[in-house]
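Numbering (our numbering), first residue to last: 0 to 133.
Just so it is clear, CB atoms sit at the ideal spot from N, CA and C, and this is done for glycine as well.
A quick note: this is a predicted structure, and the numbers were derived from the prediction, not measured.
Here is the structure we will look at, set down as structure tokens.
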């Protein structure tokens with residue numbers, strides 16, 4: 000299989016697909032930070048991943064099952080789109096669930112060890128910000 004414009008289209012679609020998955024997970028993390036600011040970060044990350052896991056798996060599985068016949072029975076042009084998408088969906092989904100949030104936790108721990116300010120606001124700061132909203 001050669002690298003052509005169809006494969007480039009698949010890569011661009013994968014970038015968008017993977018970023019969307021990560022946005023969903025990080026949005027849930029942000030939402031849970033607002034709802035439970037006193038919860039330990041590791042537990043909060045775990046709860047956020049758990050609450051988005053079903054959605055992420057079902058979305059990826061649906062796309063994977065739609066692309067599978069295209070990759071197996073489609074022609075060369077279709078296969079050059081479907082096969083990179085099939086592999087990319089598996090990698091993108093696993094990176095959204097298994098890599099992105101642990102990296103966020105690691106970076107927070109590293110900032111803490113260096114004595115830098117945390118990106119996570121305190122519970123009091125969150126309450127002040129929420130009380131200021133109309």
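Span of the alpha helix (DSSP H) around residue i
i, result
"residue 19", "4 to 34"
"residue 132", "Here residue 132 belongs to no alpha helix (DSSP H), and DSSP marks it neither H nor E."
"residue 60", "40 to 72"
"residue 87", "75 to 97"
Buried or exposed by the 16-neighbour rule on C-beta atoms within 10 Å, applied to residue i
i, result
"residue 111", "exposed"
"residue 106", "exposed"
"residue 48", "buried"
"residue 140", "Residue coverage of the chain in this structure runs from 0 to 133, which leaves residue 140 outside it and unanswerable."
"residue 24", "buried"
Pair within 7 Å by beta-carbon distance, residue i and residue j
i, j, result
"residue 27", "residue 61", "no"
"residue 92", "residue 59", "yes"
"residue 20", "residue 100", "no"
"residue 44", "residue 104", "yes"
Are three or more beta carbon pairs between the segment 46 to 58 and the segment 67 to 83 nearer than 8 Å? no
Does the segment 80 to 93 touch the segment 7 to 14, meaning 3 or more C-beta pairs lie closer than 8 Å? yes
Meets three-Cβ-pair contact criterion under 8 Å: the segment 63 to 75 and the segment 33 to 44: no
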